Every structure is written in structure tokens, then in C-alpha cells.
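FYI, in our numbering the residues of the sequence shown are 26 to 210.
In this text, a Cβ means the ideal position worked out from N, Cα and C, and glycines have one as well.
All figures in this text were calculated on a predicted structure; none of them were measured in a lab.
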Amino acid sequence: MSAEDCILDLAIATVELYTRERRVPVFLKDEDFEKYDIKREDYEELKKLKAGCFVTLHNPELRGCIGTIEPVQDNLAEEIIQNALSACSRDPRFPLVQEEELDTLDYSVDVLGEPERVESLLDLNVERYGIIVSKGTRRGLLLPDLEGVDTVEKQLSIALRKANISPSEIYEVERFEVVRYEEGI
């Protein structure tokens, strides 16, 4: 196992524990790490990092996806835990994940790189870059390499709709790369 493996394991442990017991995992004692089969040193590495991330659940259809564009927690480990909790219980599009669903779920965690402003749609690539559109306080994000999103125009259209920004308005576009950790998808 490596710190990268720990990323998925944290998301899975969080969803399973919350779904079964309405608690989130706490990592303080050796027994805590053993219980979830997570190495302390891998977890400690994640605690040194800060990044936005998205946790996505499929069964095989989308079952929940919540994330943060920028980090709001103290470290990446906590960011993953909170976003996994939200993906299984707070995605307004879906009901809470139920215990009988746990064996059917596939997980992915996207750790976001730093966004950079783009001046032209030619700077975008739906397979490589996610996008953030913004106008004032309205922001919309779409991750890269999503099934059914095969053109920049479609990616942009979805992000604008999520932000409630009209295509006729003047808005800013940023792109970002992700490192995607996934299982079973």
C-alpha cells in the first residue's frame, strides 16, 4: 500500500462506516489504522498535503459526487473523509446510500491540481482538463474525462448550467488537471 492507495481506502472506509453506523473514521490509535487497513505513514503523508478533491460513487450509474474546488479542510486526508461523507449522504440528487448498496459501489477520488486561467477554448481538452467557470460568486466545475462529455463545447455548457451562468454572459474559464484514483470503474 502507498499513500495513493490510502486515498481510496479513506473514501471507502468513510462511506462504509457512515452508512452502517452514522460515524466517520477517526485515526488516532494504532487500532484505528488496523481496523481500516490503512498504514499510519500513508495517512500521515496525506495530512501533509492540501488540495481540493471530489469523491464519486457509482453502482454502476452515478450514485453520488461531492467535492471541493479548493481545500477547505486542514489536509487532504480530512478533505477526502468529508467529501466521501457528503457523497454518500449529502448529494441533493440522490437519497442516502443504504447498507445493502455498499457491495455494489465503485469509488473514485479526483485530487485537483491548481487551476489556471485560459484565454481560448483551444487551451481546453475534455480528457485532460477539468474546467471551472465563474462570474462573480457563481461557479461551476466539471471534472475531466467524464463519460458522455466528449467535446469542449459540451463540457463548457454543463459547467455553465451548474453555475447558473448564461452562455451570453461574460465569464471566466479556468482549467485544471486531476489525479484520479479509482476502483472497479
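In the structure shown, the three-state DSSP call for PHE79 is strand. Of all alpha-carbon atoms in GLU199, ALA76 and GLU178, the one lying nearest the alpha-carbon of GLU144 is that of GLU199.
Rounded to whole angstroms, the gap between the alpha carbons of THR39 and ARG88 is 15 Å. Proximity to GLU70 across VAL80, GLU41, ASN100 and ARG47 peaks at ASN100, based on C-alpha coordinates. For LEU35, the uninterrupted alpha helix (DSSP H) run begins and ends at 28-46, by DSSP.
The DSSP-derived three-state label of LYS64 is coil.
Residue environment: THR44 is assigned as buried (16 or more neighbouring CB atoms within 10 Å of its CB, all protein chains considered). In this structure, TYR132 lies near GLU207, with their beta-carbon atoms less than 8 Å apart.
Its chain contains PHE52, LYS64, ARG65 and TYR68 as the residues whose beta carbon lies nearer than 8 Å to that of PHE58, once the 5 sequence neighbours on both sides are disregarded; these appear in chain order.
Contact between GLY138 and GLU202 holds: CB atoms are separated by about 4 Å, below the 8 Å threshold.
In the DSSP assignment, LYS160 falls within the unbroken beta strand (DSSP E) covering 155-160. In the three-state scheme derived from DSSP, where H, G and I count as helix and E and B as strand, GLU126 is classed as helix.
In the structure shown, the three-state DSSP call for ASP148 is helix.
In the three-state reduction of the DSSP assignment, SER191 falls in the coil class. Between the C-alpha atoms of LEU35 and GLY92 there is a straight-line separation of about 15 Å. Taking all protein chains shown into account, SER191 has fewer than 16 neighbouring C-beta atoms within 10 Å of its C-beta and is therefore exposed.
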